[in-house]
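One point on numbering: in the UniProt record's numbering, the residue at position 420 of the sequence shown is 420, and numbering is uninterrupted.
Notes for the one structure printed next.
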Amino acid sequence: MAEVAHQETHGFQTEVKQLLHLMIHSLYSNKEIFLRELVSNAADAADKLRFNALENDSLYENDGDLCVKLSVDKEAGTITISDNGIGMTRDDVIANLGTIAKSGTADFFSKLSGDKAKDSQLIGQFGVGFYSAFIVADKVVVRTRAAGESADQGVEWISEGEGEFTVGDIEKADRGTEITLYLRDDEKEFADDWRLRSIISKYSDHISIPVRMWKAPVEESEGPDGEKIPGQPGEWETVNKATALWTRDKSEISDEEYIEFYRHVSHDFAEPMSWAHNKVEGKTEYTSLLYIPSKAPFDLWNRDQTHGLKLYVQRVFIMDDAEQFMPTYLRFVKGLLDSNDLPLNVSREILQDNKITQSLRTGCTKRVLQMLERMAKNDAEKYQLFWNEFGNVLKEGPAEDFANKEKIAGLLRFASTHADSSDQNVSLADYISRMKEGQDKIYYVTADSYQAAKNSPHLEIFKKKGIEVLLMGERIDEWLMQHLTEFDGKQLQSIARGNLDLGDLEDEESKKAHEEAEKQVEGVLERAKTALGDKVIDVKFTHRLTDSPAVIVADDNGMTTQMMKLMEAAGQPVPDVKYHFELNPEHQLVKLLADVQDEDIFKSWTEVLFDQAALSEQGSLKDPATFVRNLNGLLMSLSK
Numbered sequence: 001m002a003e004v005a006h007q008e009t010h011g012f013q014t015e016v017k018q019l020l021h022l023m024i025h026s027l028y029s030n031k032e033i034f035l036r037e038l039v040s041n042a043a044d045a046a047d048k049l050r051f052n053a054l055e056n057d058s059l060y061e062n063d064g065d066l067c068v069k070l071s072v073d074k075e076a077g078t079i080t081i082s083d084n085g086i087g088m089t090r091d092d093v094i095a096n097l098g099t100i101a102k103s104g105t106a107d108f109f110s111k112l113s114g115d116k117a118k119d120s121q122l123i124g125q126f127g128v129g130f131y132s133a134f135i136v137a138d139k140v141v142v143r144t145r146a147a148g149e150s151a152d153q154g155v156e157w158i159s160e161g162e163g164e165f166t167v168g169d170i171e172k173a174d175r176g177t178e179i180t181l182y183l184r185d186d187e188k189e190f191a192d193d194w195r196l197r198s199i200i201s202k203y204s205d206h207i208s209i210p211v212r213m214w215k216a217p218v219e220e221s222e223g224p225d226g227e228k229i230p231g232q233p234g235e236w237e238t239v240n241k242a243t244a245l246w247t248r249d250k251s252e253i254s255d256e257e258y259i260e261f262y263r264h265v266s267h268d269f270a271e272p273m274s275w276a277h278n279k280v281e282g283k284t285e286y287t288s289l290l291y292i293p294s295k296a297p298f299d300l301w302n303r304d305q306t307h308g309l310k311l312y313v314q315r316v317f318i319m320d321d322a323e324q325f326m327p328t329y330l331r332f333v334k335g336l337l338d339s340n341d342l343p344l345n346v347s348r349e350i351l352q353d354n355k356i357t358q359s360l361r362t363g364c365t366k367r368v369l370q371m372l373e374r375m376a377k378n379d380a381e382k383y384q385l386f387w388n389e390f391g392n393v394l395k396e397g398p399a400e401d402f403a404n405k406e407k408i409a410g411l412l413r414f415a416s417t418h419a420d421s422s423d424q425n426v427s428l429a430d431y432i433s434r435m436k437e438g439q440d441k442i443y444y445v446t447a448d449s450y451q452a453a454k455n456s457p458h459l460e461i462f463k464k465k466g467i468e469v470l471l472m473g474e475r476i477d478e479w480l481m482q483h484l485t486e487f488d489g490k491q492l493q494s495i496a497r498g499n500l501d502l503g504d505l506e507d508e509e510s511k512k513a514h515e516e517a518e519k520q521v522e523g524v525l526e527r528a529k530t531a532l533g534d535k536v537i538d539v540k541f542t543h544r545l546t547d548s549p550a551v552i553v554a555d556d557n558g559m560t561t562q563m564m565k566l567m568e569a570a571g572q573p574v575p576d577v578k579y580h581f582e583l584n585p586e587h588q589l590v591k592l593l594a595d596v597q598d599e600d601i602f603k604s605w606t607e608v609l610f611d612q613a614a615l616s617e618q619g620s621l622k623d624p625a626t627f628v629r630n631l632n633g634l635l636m637s638l639s640k
């Protein structure tokens with residue numbers, strides 16, 4: 001045992017304590033994943049060494065045979081996993097093995113419910129990595145030395161997975177990391193050579209470096225006829241295929257292997273929803289293996305979190321989270337890209353303005369959109385599951401990716417007045433196929449929620465005429481519609497903006513009835529405009545309503561309520577927006593308003609109707625006290 005010096009005890013970060021407790025108590029049904037996680041980390045350490053050695057070959061320290069080694073001591077009840085990868089310094093050990101440096105960690109833990117089954121799925125999305133060792137071990141010892149450092153710069157880390165860990169300095173001749181797991185009494189099944197071999201075959205065949213296990217020596221023996229059977233010396237035996245999965249032919253790779261490789265690159269416990277493996281030859285040569293997860297990661301909406309593909313150049317690992325190869329609206333995609341054309345010394349800065357990068361980004365984007373199109377066409381139920389998880393992210397696409405705007409629009413799904421619930425989403429193509437004769441626009445309404453959109457007064461005339469309207473109740477929808485103005489030659493029209501012209505859908509009989517209703521209350525418009533003053537752009541009659549007395553409508557080029565709320569949520573200054581105030585001349589309240597002679601009472605009634613319309617549209621009022629005072633005053637006057 002190496003002598004330990006300069007030993008210190010540290011407390012785990014609060015989130016680490018929570019994660020350890022949850023793993024030990026929630027992941028009981030899938031314990032063997034600890035080995036997958038630790039072997040995966042060891043392989044990543046080898047990849048990082050190979051990359052750093054491109055500029056500094058001395059980091060190999062005359063040992064370029066990168067591998068992962070496993071050994072078992074049945075009597076001691078231990079498993080040791082070692083690698084000769086990049087290794088860690090003392091500061092690295094304290095930072096990497098004592099804290100969770102993930103943005104949004106606190107928010108992640110707030111979502112945990114205490115239900116073991118549900119929480120285990122969330123933990124899988126979060127990724128457990130090294131800490132998975134404590135699923136089966138009640139003590140873990142890590143000995144490591146960073147490549148390029150002297151032997152006396154070794155570090156030892158010890159913890160029993162509770163509140164603290166100790167760190168000390170040791171001598172370590174070889175670079176890399178060695179992790180020893182002291183198995184719990186009820187987990188000794190893993191201290192078995194064949195058990196570990198089967199787990200590696202199951203989870204780690206795809207890893208591109210050898211995973212080796214010690215094959216015990218066989219003594220010389222005597223056969224049944226007295227002949228001597230020579231013995232065999234002990235040796236390290238490779239137990240995985242040790243060939244990068246993406247370099248193999250698709251016909252040779254099983255679905256199970258693709259699924260396990262997804263878990264390796266994503267650190268997700270769940271199976272992917274879909275994947276695409278493609279080798280491209282020609283002007284640009286590359287291989288891509290792209291996955292669509294089945295669940296959204298906990299940090300999907302965190303703007304500071306890096307998202308992207310693993311980048312390899314000529315099978316050499318270059319970087320994680322290379323965001324340059326996938327547009328932001330596809331940030332949920334996991335996988336890797338292996339290019340034959342990029343230089344081995346490529347950096348993020350070089351990638352940013354590289355023509356090859358643009359070509360690879362275009363190709364990868366095309367593959368993902370094709371994957372989604374096939375899913376939407378061939379498996380509507382699975383696509384609905386995808387939409388529930390990632391639909392709001394995909395809505396960022398039309399603004400970001402002009403070249404693929406029409407394709408992205410075809411993948412969008414919306415609730416509709418012709419569907420029974422918000423779960424029954426329709427495509428724009430579905431909508432067009434049901435358009436009424438004479439209808440030339442795709443109508444939609446945005447609101448704070450599906451329920452608010454469904455009950456919007458703007459829908460009244462459309463319900464009466466049986467015209468389908470798309471119901472958009474997500475905050476991002478208003479922003480989306482600023483960039484998606486048409487689809488398949490049909491204009492998308494907000495029913496809460498500007499003058500409503502139903503064109504050929506309006507019959508002559510209805511037009512005459514509207515004109516007659518307006519004559520009966522003529523004069524009310526000028527009086528209402530005087531009463532409201534500069535609160536409104538204009539006051540006019542509308543026939544978009546059947547049950548409501550009034551509505552506020554955004555100007556054709558003005559800012560809508562939902563856009564204001566979007567700007568407020570982003571912390572941007574919001575201008576003072578005014579609306580058109582439209583009155584329904586056929587409504588009994590408007591007829592009563594026209595008969596009011598007292599201008600003060602008329603003003604109170606007008607303000608109440610305006611505030612009601614604003615409340616219905618915006619969900620809140622700037623001056624609720626005045627609304628209440630006006631309403632109470634009118635109620636009191638009715639009782640006299």
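In this text, a Cβ means the ideal position worked out from N, Cα and C, and glycines have one as well.
What three-state label does DSSP hand residue i in the structure shown?
i: residue 547; result: coil
i: residue 278; result: strand
i: residue 553; result: strand
i: residue 129; result: helix
i: residue 123; result: In this predicted model, residue 123 has a pLDDT of only 49, less than 50, meaning its place in the structure is not dependable enough to derive any value.
i: residue 154; result: strand
i: residue 533; result: helix
i: residue 51; result: helix
i: residue 202; result: helix
i: residue 372; result: helix
i: residue 352; result: helix
i: residue 9; result: strand
i: residue 261; result: helix
i: residue 633; result: helix
i: residue 540; result: strand
i: residue 69; result: strand
i: residue 176; result: strand
i: residue 476; result: helix
i: residue 95; result: helix
i: residue 170; result: strand
i: residue 191; result: coil
i: residue 467; result: coil
i: residue 317; result: strand
i: residue 117; result: Because the pLDDT of residue 117 is 48, which lies under 50, any placement of that residue in the model is unreliable, and the question is left without a value.
i: residue 379; result: coil
i: residue 159; result: strand
i: residue 310; result: strand
i: residue 516; result: helix
Comparing C-alpha positions only, which one of the options sits nearest to residue i?
i: residue 458; options: 64, 549, 521; result: 549
i: residue 4; options: 172, 34, 70, 608; result: 172
i: residue 374; options: 292, 334, 499, 154; result: 292
i: residue 207; options: 245, 138, 157, 409; result: 245
i: residue 68; options: 51, 39, 300; result: 39
i: residue 466; options: 425, 449, 166, 416; result: 416
i: residue 197; options: 232, 240, 324; result: 240
i: residue 445; options: 500, 411, 403; result: 500
i: residue 309; options: 193, 161, 489, 290; result: 290
In the DSSP assignment, what residue or residues form a beta bridge with residue i?
i: residue 608; result: BP columns for residue 608 are empty, so no partner.
i: residue 494; result: 444
i: residue 525; result: BP columns for residue 525 are empty, so no partner.
i: residue 335; result: 290
i: residue 181; result: 79, 140
i: residue 212; result: 69, 238
i: residue 3; result: Partner(s): none; residue 3 has no beta bridge.
i: residue 580; result: 538, 553
Taking Cβ positions only, does residue i come closer than 7 Å to chain D?
i: residue 196; result: Chain labels in this structure do not include chain D; a single protein chain is all it has.
* Asked: Counting Cβ pairs, one atom from each stretch, are 3 or more of them under 8 Å apart for the stretch 137-150 and the stretch 7-20?
  -> Short answer: they don't touch.
* To do: Give, in chain order, every unbroken run of the beta strand (DSSP E) that is at least 3 residues long and sits entirely within the stretch 390-442.
  => If we require 3 residues or more, the stretch 390-442 turns out to have no beta strand (DSSP E) run fully inside it.
* Quick one: which unbroken alpha helix (DSSP H) runs of 4-plus residues sit fully inside the stretch 214-256? Chain order, please. => The alpha helix (DSSP H) runs lying completely inside the stretch 214-256 and spanning 4 residues or more number zero.
* Asked: Would you say the stretch 359-377 touches the stretch 270-290, given that touching needs at least three Cβ pairs under 8 Å?
  -> By the Cβ criterion, the stretch 359-377 is in contact with the stretch 270-290, since at least three pairs of Cβ atoms, one from each stretch, lie closer than 8 Å.
* **Given 8 Å, three or more beta-carbon pairs between the stretch 132-140 and the stretch 181-191** => Because the criterion of three Cβ pairs below 8 Å is met, the stretch 132-140 and the stretch 181-191 touch.
* the stretch 378-393 contacting the stretch 327-337, beta-carbon criterion three pairs below 8 Å -> Counting C-beta pairs with one atom in each stretch, the stretch 378-393 and the stretch 327-337 have three or more that are closer than 8 Å, which means they touch.
* Asked: If we count Cβ pairs, one from each stretch, closer than 8 Å, do we get three or more for the stretch 215-227 versus the stretch 80-87?
  -> Output reads no: the stretch 80-87 does not touch the stretch 215-227.
* Asked: Are three or more beta carbon pairs between the stretch 509-524 and the stretch 466-479 nearer than 8 Å?
  -> The stretch 509-524 vs the stretch 466-479: no contact.
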